[in-house]
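Down below is the structure, laid out as structure tokens.
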Amino acid sequence: MSKVEKAAEKHGNGYNCAQAVTCSFCEEMKIDESTAKEISKKYGGGAFKTCGAVMGMYIVNNFINGERDLDDPAEWKNSNNEQLQKLEKTFKDKNNSVICAELKGRTGNKVLRSCRGCVEDAAMILEKYLENQK
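In short: position in the sequence shown from 1, add 4, done, that's our numbering.
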């Protein structure tokens, strides 16, 4: 099963958008799924304005690169800024925004991408990014 399929399945099984992305990469992050689910739960549903799936990408990238802050796992650190910018840009280029309300059409404009679509895109972007890091 690809990471995209895994993330979509988790989202369909009740994981929020951030959890679906983060938990699909827990092996690469070297943490168990319950920890991944717990540390990412507060980022779902645009809680921090940024799309939760994008926040999930931040968490995965940070953990893989040694930034393992359990209190704020999505925080941008100087050591990872360039990588996080690339991931965010790739998502934004595909969906025209990284802001949850804009993606969902809650700003009076049309819906840019469904929540499930954002989860799938984030997983795909991360999977490709990590493949290129090898």
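Glycine residues also receive a C-beta, built at the ideal position from the N, C-alpha and C atoms.
Write down the C-beta distance between residue i and residue j rounded to the nearest angstrom, noting that I regard them as a contact closer than 8 Å.
i	j	result
Phe52	Met59	6 Å
Gly57	Val8	Gly is not the amino acid found at residue 57; the sequence shown has Ala there. Not confirmed; about 11 Å, so no contact.
Leu107	Cys55	6 Å
Ala11	Ala127	4 Å
Put residue i into one of helix, strand or coil per three-state DSSP.
i	result
Ala78	coil
Gly18	coil
Lys10	helix
Glu71	coil
Go through the region 22 to 69 residue by residue and report every complete run of the alpha helix (DSSP H) that reaches 4 residues or more, in order.
30 to 33, 37 to 44, 56 to 68
Quiz item: What runs of the alpha helix (DSSP H), each 4 residues or longer, lie entirely inside the region 84 to 131?
Solution: 85 to 99, 104 to 107
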